[in-house]
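Have a look at the structure below, then the notes.
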Amino acid sequence: MDKMEEDKPYYAIIAGLCASSASLFGKLTANTDRLVKILGLSDWPASETIAQILCVLIMILLNGCVWRFFVKALHAGSGSTLRASLTSAATNYVASAILGTVLFNEQSTLLWWFGTALVLAGLLLIIGGSEDHAPSDEPRSSTHIKKE
6 MDKMEEDKPY YAIIAGLCAS SASLFGKLTA NTDRLVKILG LSDWPASETI
56 AQILCVLIMI LLNGCVWRFF VKALHAGSGS TLRASLTSAA TNYVASAILG
106 TVLFNEQSTL LWWFGTALVL AGLLLIIGGS EDHAPSDEPR SSTHIKKE
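To convert, take the position in the sequence shown, counting from 1, and add 5; that gives the working numbering.
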């Protein structure tokens with residue numbers, strides 16, 4: 006894998022999108038009456054129960070995809086584990102806000118966006134600090150070694 010391919014965080018972005026989609030289906034589980042009406046399945050017997058079961062199964066499947074793509078992001082060498090975490094978290098937060106606004110008419114407050122920015126800024130600070138203090142290959146000297 007060349008250097009150009011290593012710097013692209015595709016897998017971390019996909020993991021974040023899967024995470025926000027899993028949250029969407031988790032929320033739809035509690036709103037299956039609305040989902041059944043939108044799909045036109047109101048006349049079916051036990052349609053809400055079937056919709057709830059399907060939403061839970063899709064949510065579980067998407068959570069599996071989150072871990073699958075996050076592990077792929079870690080193995081793809083996209084910089085570090087922290088970079089994969091930052092990319093995945095940022096994608097998840099933004100996609101969740103967009104899905105909530107579009108599908109559920111939710112309003113994201115300025116305080117929510119400020120809090121999200123602080124979380125992501127904190128992750129950036131951690132990434133910057135971890136790259137400056139990368140562990141060396143030299144063994145550490147210990148002050149507790151007993152000399153004979």
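Beta carbons are placed, not taken as given, at the ideal position from N, Cα and C, and that holds for glycine.
As an exercise, report each continuous alpha helix (DSSP H) stretch of at least 4 residues that is fully enclosed by the stretch 45 to 95, in chain order.
52 to 80
Checking 7 Å against the spacing of the C-beta atoms, do Met64 and Gly21 come in under that value?
no
Within 7 Å (strictly less), CB to CB, does Phe109 reach chain B?
The structure shown contains no chain B; it is built from a single protein chain.
Rounding to the nearest angstrom, what Cα-Cα distance links Asp38 and Ile132 in this structure?
44 Å
Nearest-angstrom Cα separation, counted from His80 out to Lys42:
43 Å
Contact check, Leu104 vs Leu29, beta carbons under 7 Å:
yes
Measuring CA to CA, which of Val107, Phe74, Asn68 and Val99 is closest to Ala122?
Val99
With Leu125 and Ala95 assumed to form a contact (beta carbons below 8 Å), what rounded beta-carbon distance in angstroms separates them?
5 Å
Looking only at its chain, what residues have a beta carbon closer than 8 Å to the beta carbon of Gly127, apart from the 5 residues adjacent to it on each side?
none
In whole angstroms, what separates the C-alpha of Lys77 from that of Glu53?
36 Å
Let me check understanding here. Comparing Cα to Cα, which of Cys23, Ile58, Tyr15 and Pro14 lies closest to Trp72?
Cys23
Can you give me the C-alpha to C-alpha distance between Pro14 and Pro50, rounded to a whole angstrom?
45 Å
Measure the alpha-carbon distance for Ser101 versus Ile19 and round it to whole angstroms.
13 Å
Considering only the alpha carbon of each residue, which of Leu59, Phe109, Leu130 and Arg88 lies closest to Ala17?
Arg88
Mind checking whether Asn97 and Ser47 have CB atoms under 7 Å apart?
no
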